[in-house]
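The opening position of the sequence shown corresponds to residue 11 in my numbering, with each subsequent residue numbered one higher.
Glycine is no exception: its CB is placed at the ideal position from the N, C-alpha and C atoms.
Here the structure comes first, spelled out in structure tokens, and everything after it is commentary.
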Amino acid sequence: MSKPFLTAEWRNLALANYAVDPGLLAEHVPAGVELDQHEGKCFVSLVGFQFLNTKVRGVAIPGHVNFVEVNLRFYVRLGEKRGVVFLKEIVPKPAIAWVAKTLYGEPYEVWKCGVVDTEYTWSRGGNRNRFAVIPASAGQLPPSGSHAEFITEHYWGYTRRGPHRTDEYQVTHPQWEHYAVEEHAIEVDFGTVYGPKWAFLSAETPYSVLFARGSEIEVYPGTRLSF
11 MSKPFLTAEW RNLALANYAV DPGLLAEHVP AGVELDQHEG KCFVSLVGFQ
61 FLNTKVRGVA IPGHVNFVEV NLRFYVRLGE KRGVVFLKEI VPKPAIAWVA
111 KTLYGEPYEV WKCGVVDTEY TWSRGGNRNR FAVIPASAGQ LPPSGSHAEF
161 ITEHYWGYTR RGPHRTDEYQ VTHPQWEHYA VEEHAIEVDF GTVYGPKWAF
211 LSAETPYSVL FARGSEIEVY PGTRLSF
């Protein structure tokens with residue numbers, strides 16, 4: 011395996027998971043991969059977390075070491091490889107968005123982002139959004155085959171780069187402990203942030219809300235796949 015392109019810690023991951031019609035995702039599925047479902051359900055996840063101690067090829071870039079990301083993602087697989095596809099990734103730093111778009115083709119946008127403990131906010135113009143959880147004090151590894159394991163145990167990223175091209179990259183980390191979520195609040199204008207087709211999620215009750223403390227991670231350089 012090559013050396014990682016990026017190393018960091020992903021910490022305090024809050025995940026709100028919505029069961030959706032697979033047809034909503036059809037146009038977003040990259041060539042060569044298929045939707046990954048759990049117990050016959052297709053999910054999109056709103057995820058807020060902290061990037062900490064970030065380094066690119068071993069170098070910490072001043073002002074870009076610790077920051078918040080909020081993304082909306084769904085789940086796919088290529089053979090035995092289970093991965094995620096991002097519908098949108100929101101960060102507070104233009105340079106981060108530029109690198110991710112240029113090198114990985116990822117759909118990044120720059121918003122003002124904040125975090126206090128396990129409460130995430132992101133805003134732009136007059137649009138302000140909030141996702142907060144209160145986790146239990148003790149965690150445990152999710153049971154094999156469980157919904158919680160399905161949501162977090164995806165170690166590949168796939169990006170649509172054209173009708174016959176998909177980029178693939180690997181993310182490695184130890185399995186994460188999960189913590190019961192005692193309370194949560196989701197105040198998100200999904201239609202404005204993610205597009206009109208997702209507006210219905212603002213009134214939708216999540217199938218689940220999960221929390222993981224996270225760990226150190228490594229992201230490896232991407233590979234071009236042609237189909």
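Among Leu-34, Asp-199, Glu-214 and Val-78, the one whose alpha carbon lies nearest that of Tyr-118: Within the sequence shown, numbered from 1, the residue matching residue 118 stands at position 108. If we check each option's Cα against that of Tyr-118, Val-78 comes out closest.
Below 7 Å CB to CB, which residues in the same chain sit around Thr-162 once its five sequence neighbours on both sides are set aside? Residue mapping note: residue 162 aligns to position 152 of the sequence shown, counting from 1. Closer than 7 Å at Cβ, skipping near neighbours: Trp-186 and Ala-222.
Evaluate the contact criterion for the region 133-145 versus the region 39-55: three or more CB pairs, one atom per stretch, below 8 Å. These segments do not touch.
Report yes if the C-beta distance between Asn-27 and Val-219 is below 9 Å; otherwise report no. For the purposes of this step, residue 27 is taken as the residue at position 17 of the sequence shown. For the purposes of this step, residue 219 is taken as the residue at position 209 of the sequence shown. Contact flag set, yes.
Please determine, among Ala-29, Phe-61, Ser-154 and Ala-24, the residue with the shortest C-alpha to C-alpha distance to Glu-226. Within the sequence shown, residue 226 is the residue found at index 216, counting from 1. Ranking Ala-29, Phe-61, Ser-154 and Ala-24 by Cα distance to Glu-226 puts Phe-61 first.
Measuring CA to CA, which of Phe-15, Trp-208 and Phe-160 is closest to Asp-46? As a first step, residue 46 is located in the sequence shown; it is residue number 36 there, counting from the start. The candidate whose alpha carbon is nearest that of Asp-46 is Phe-160.
For His-74 and Gly-155, what's the separation of their Cα atoms in angstroms? In the sequence shown, counting from the first residue as 1, residue 74 sits at position 64. In the sequence shown, counting from the first residue as 1, residue 155 sits at position 145. Computed Cα separation, rounded: 36 Å.
Of all the alpha helix (DSSP H) runs that stay within the bounds of the region 83-116, which reach a length of 4 or more residues? 104-109
On the DSSP bridge assignment, give the partners of Asp-177 in chain order. Position 167 of the sequence shown, counted from the first residue, corresponds to residue 177. Answer is Thr-169 and Arg-234.
Whole-Å CB distance - Lys-98 paired with Leu-82, under 8 Å assumed: Walking along the sequence shown from the start, residue 98 turns up at place 88. Walking along the sequence shown from the start, residue 82 turns up at place 72. Their Cβ separation, rounded to whole angstroms, is 5 Å, which keeps Lys-98 and Leu-82 in contact under 8 Å.
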